[in-house]
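Input: a single structure, listed below in structure tokens.
2 protein chains.
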Amino acid sequence: MILRIDAESATPVYRQIVDGLRVALVKGDLAPGDSLPAVRRLALDIGVHFNTVAQAYRELAREGWLHISARGGAQVKERSMPVASKPEAATYRRRIEELIAQIQASGAAPSSLARELRRIAKALEGF
Amino acid sequence: MILRIDAESATPVYRQIVDGLRVALVKGDLAPGDSLPAVRRLALDIGVHFNTVAQAYRELAREGWLHISARGGAQVKERSMPVASKPEAATYRRRIEELIAQIQASGAAPSSLARELRRIAKALEGF
DNA sequence: TATACTGTACATATACAGTATACAGAGGTG
DNA sequence: CACCTCTGTATACTGTATATGTACAGTATA
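Here the protein sequences line up with chains A and B, keeping their order. If you count the first sequence from 1, position 115 lands on 115 in this note's numbering, and the numbers rise without skipping. All you need for this note's numbering is the position in the second sequence, starting with 1, plus 1000.
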């Protein structure tokens, strides 16, 4: 389980878990049918309380990614990608721009940043 | 002052203010020497307490964007872009991927998303 | 000095994050 | 069946973060 948690970060741990797992789910690294580690197991690995992991699992279940059961634990659902409303670009443009501005403000070179964005854009075309 | 606040959002208001202003600062819409609205004024406009705005201003001052004084209020500093350490792409790659995954999960079409990323990348080249 | 404007400081109410602990459900094994 | 062991859940509790109310201090101007 490749999942780095930054205890210093302002974003809460449970959301770091959600974010990290969601990336794996969207990319397909976690495929339908796959089992996730038990909450106590993952909690031990990343050094938090198991309830914090459980909260993250519940959030992903709420989003439709996981199916949680008493014995089987958390499993990736067959119907992975939720059937949400297709949002307009304007809806998420601001959020991307805010993140980019934040990264730029931290001193990242615009050219390097642009390269990274193109790389991700290219990867997206594969879908 | 174009600054939309979403009271429903999970991200706290003061950080929405910081994020929104930082975009304007990085883009240059807020240039060195410009004065920001008084805390009570902006607070009235967006419908929050002025202390919440003050907290946002202090955060941006801490980042080196603003100079705050008793009479002059908050002004954009000459030395806008902070002299931070140039972070490696790997440092922020994960954060971008997390945001993109989140947007994808909400149902955004990858092609539309890729187009948006390229647009931002192109804009970055201008710097 | 009086006034009117800036941002600041501090106490408070409330919500959120993380943990400890006890619990309930499901399946295996004596 | 009784028991054990594994799963996630529920509740209570502590500390932190957010937003506000109120009082204050600094600064320019009439």
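All C-beta atoms in this analysis are idealised placements derived from N, C-alpha and C, irrespective of residue type, glycine included.
Taking Q1016(B) as reference, the option from S1035(B), G1028(B), A1054(B) and D1034(B) with the minimal CA-CA separation is A1054(B). Across the structure, Y1092(B) and I103(A) are spaced so that their CA atoms are roughly 7 Å apart. Less than 9 Å divides the Cβ of R118(A) from the Cβ of L1117(B). A Cβ-Cβ contact shorter than 9 Å links A1105(B) with L25(A). Around the beta carbon of I1096(B), 16 or more other beta carbons sit within 10 angstroms, so the residue counts as buried.
Neighbours of S1009(B) across chain A, judged by C-beta separation under 8 Å, do not exist; the nearest C-beta is about 10 Å away. In the three-state reduction of the DSSP assignment, A108(A) falls in the coil class. Here E1125(B) is near A114(A), since their CB atoms are less than 9 Å apart.
Look at the region 1036-1093 of chain B and you find these whole runs of alpha helix (DSSP H), each 4 residues long or longer: 1039-1046 and 1050-1062. Scanning E1008(B), L1030(B) and A1061(B) for the CA closest to the CA of I1002(B) turns up L1030(B). Scanning chain B for C-beta atoms nearer than 7 Å to the C-beta of E63(A) yields A1105, reported in chain order. A1043(B) is positioned such that its CB atom lies closer than 9 Å to that of F1050(B). Closest by C-alpha distance to D34(A), out of G107(A), V48(A), S112(A) and I68(A), is I68(A).
Here the C-alpha atom of A1101(B) lies approximately 6 Å from the C-alpha atom of R22(A). By the C-beta density criterion, D1019(B) is buried, having at least 16 other C-beta atoms within 10 angstroms. Here the alpha carbons of R1071(B) and V39(A) stand approximately 54 Å from one another.
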